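Below is one structure, written out as structure tokens; the observations come after it.
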């Protein structure tokens, strides 16, 4: 192996010598593309050595952009008095040189690994030559004991020592001895990621795919509380040995998985259909009878919300599991629900190259788009398990005895009881997703307007997760399909569509970050006496961000109740023909749609570019980028004025990162469980019947939010007049909407 490695290294170093010779000594002759004329006699190549100044400039650009486009190469060639072809060849050769250096480094690492394996091999051979008897410690006679048995005995002794040590430490932590741990747990605690993924873990019965998942046997004797007391001390596990902490995390994850699967499968009496709206309500008495609390009892002042929802989603189980286990992809899939998330520790990454048995520690900020609902900051374990072919489950559960280093908030305003989803593959690339969301939160911090919504589980509950997942997966399916929907403006190129959608996504993400006081941006809350009580005003400095204008950004947001159905309110706000009825900045004139990109089957899910017609010669016409989205849980209308030349670049497939914008817009949710939110045909979505007769449509909770540049100097002081202007803008917009929908009172 070493010889083959050294041979390849030798070959590569010779190649590198050849390539690096032309790293900065570039030839004026033809490139590889021009060598087709084989019939011409080869002419002598002329070499041109660059000056140190030229090389310095070329190297500086290479660090920033190893693949310059034609425009950048042209500028550089003019500046350095070189031909564009010389610049192009220099970059080609420099990239080759860089690749060769990387390969040399990789070869060095492989050689080290090879040496390490050889040394390990030698030590194992020595051990095989001189076996030791585990009973007496003396040399063993080969005939008496097989090599495999020898290895098993050594491993057994090691595991026994480790178990005794863990029991002693856990006994010290709990204040009572745990001598019966080995016999009281059936099946035993997994000691490796392999057992975690494929051991019985109480799910031995899940061997076949069925429409309803069969439930495995319960965890054996007292497993759910063997290591974790019902009410654990909040003093840190930090002083304890890490292996004890991992054992506790693992046991908590297994108990949570058991609870999630049972809650996803069991119907009455655990879940009862409500008469109003046909929602499923958790029977708390039955829940307490069925399950042992795995994270302790409910805190004083906390209330419980629980919800369950099933739906068909156009994504397969493996892709969905990968999305949920990757914090970045998870937040991209649920952009309006997750303000921020990170993986703080990976305890197990799964087995056999899959996510089966993956266990990780995560932190997330969950949000409802309203300044009247505080962001929920949660630290939790996420555990993934494959129960059968094409059947997976992912469970989350809060942990209070979390390590200090993971940035846990000093005050916990929410705890997630076992929550998550069971995913089962269906034909044609679809999956059946059953989502369970179960949490306890402090209600006193939430405004009265939002109490019914949160208690019903419609704000942070299963319905919102499933509805968002369905909408996002439908959007991805449309974007990946080769055919362009008929109502799209085909004048935009495919790369232009991608750039426009990327810009719209950034706009919507920034809008969500400005409504709630999440930690995405460093907002400073302002307490100004003459601002309405329910309007939250925040300010931040925008510096060195090419996607925003520099200066002082002011964000103002408020939420109001309107006696109008969510569907009617959404249709009114997204209609460009009616925009002048509420938009003070639209010059009072009509608007026309210049471009339209569909993001779903519903006409309300789209990105569009609007042009405001100039009313007189002195006014310049402006463009407005608008994204609208709607699903069973609510809807969103986000917009931002954009520069006309910048949008031309984006629509031709250019980079959208340099388009400066500040978003404003509206978030609409139903006012409570009386209405199941908007549907595409304007009918109320009852989701499974219920009361039988005509159903109350109810009103809407409308959040209005603006982000405005009040001063183009980041160092400037904020004036009271700026705050008053933004406050007046919000109150005037709300009044205009009420007047247009005839609900001023």
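Residue numbers (our numbering): 93 to 837. Glycine residues also receive a C-beta, built at the ideal position from the N, C-alpha and C atoms. Note that this is a predicted model, so its numbers are computed, not measured.
Taking the C-alpha atoms as reference points, what is the distance between residue i and residue j?
i	j	result
residue 762	residue 790	7 Å
residue 675	residue 187	52 Å
residue 729	residue 563	15 Å
residue 695	residue 570	13 Å
residue 354	residue 362	10 Å
residue 643	residue 804	4 Å
residue 143	residue 179	13 Å
residue 389	residue 691	44 Å
residue 527	residue 342	22 Å
residue 224	residue 444	33 Å
residue 145	residue 196	29 Å
residue 345	residue 194	41 Å
residue 568	residue 449	28 Å
residue 365	residue 374	9 Å
residue 382	residue 245	41 Å
With a threshold of 6 Å on Cβ separation, who are the neighbours of residue i within its own chain once the five nearest residues in sequence on each side are excluded?
i	result
residue 520	none
residue 488	472, 474, 508, 511 and 512
residue 785	Only weak support is given to the placement of residue 785: the predicted model assigns it a pLDDT of 39, under 50, and the value that follows is read from those uncertain coordinates. So the list is empty, once near-sequence residues are dropped.
residue 723	559 and 563
Which first and last residues belong to the beta strand (DSSP E) in which residue i is found?
i	result
residue 385	Counting along the chain, residue 385 falls outside any beta strand (DSSP E), and DSSP gives it neither H nor E.
residue 462	Note, residue 462: premise wrong, no beta strand (DSSP E); not H, not E.
residue 798	792 to 803
residue 757	756 to 762
residue 733	726 to 734
residue 700	698 to 704
residue 439	430 to 440
residue 633	628 to 634
residue 400	394 to 405
residue 714	714 to 723
residue 672	Run containing residue 672: none; DSSP gives neither H nor E here.
Less than 9 Å separating the beta-carbons of residue i and residue j?
i	j	result
residue 465	residue 551	yes
residue 438	residue 451	yes
residue 468	residue 486	no
residue 419	residue 434	yes
residue 833	residue 653	no
residue 756	residue 662	no
residue 627	residue 646	no
residue 397	residue 533	yes
residue 406	residue 664	no
residue 818	residue 648	yes
residue 606	residue 797	yes
residue 739	residue 585	no
residue 560	residue 426	yes
residue 514	residue 470	no
residue 198	residue 171	no
residue 90	residue 592	As displayed, the chain neither begins before 93 nor continues past 837, which places residue 90 out of reach and without an answer.
residue 671	residue 702	yes
residue 456	residue 640	no
residue 719	residue 698	yes
Ignore the nearest five residues each way along the sequence and tell me which others in residue i's own chain have a CB closer than 7 Å to its CB.
i	result
residue 176	165, 166 and 169
residue 760	658, 661, 662, 726, 727, 792 and 794
residue 558	401, 403, 525 and 527
residue 822	627, 648, 650, 796 and 798
residue 214	none
Just reading off the alpha helix (DSSP H) that residue i is part of, what are its end residues?
i	result
residue 447	First-last for residue 447: undefined, no H or E at that position.
residue 537	Per DSSP, residue 537 belongs to no alpha helix (DSSP H) and is neither H nor E.
residue 877	Outside the displayed span of the chain (93 to 837) sits residue 877, for which this structure offers no information.
residue 695	Here residue 695 belongs to no alpha helix (DSSP H), and DSSP marks it neither H nor E.
residue 565	554 to 572
residue 164	162 to 172
residue 751	Segment: none, residue 751 is in no alpha helix (DSSP H) and carries neither H nor E.
From the DSSP output, which residues share a beta bridge with residue i?
i	result
residue 478	484
residue 471	455
residue 364	373
residue 588	Residue 588 is not bridged to any residue.
residue 648	629 and 798
residue 688	700
residue 643	634
Using a Cβ-Cβ cut-off of 8 Å (strictly less than) and excluding sequence neighbours within five positions of residue i, which residues of its own chain qualify?
i	result
residue 111	Because residue 111 sits at a pLDDT of 41, beneath the cut-off of 50, its placement in the model cannot be relied upon, and the following sentence gives the value as read from the coordinates. So the qualifying residues of the chain are 185, 188, 189 and 192.
residue 153	160, 164 and 168
Answer yes or no: does any C-beta atom of chain B fall closer than 9 Å to that of residue i?
i	result
residue 483	Looking for chain B here will not work: only one protein chain is present.
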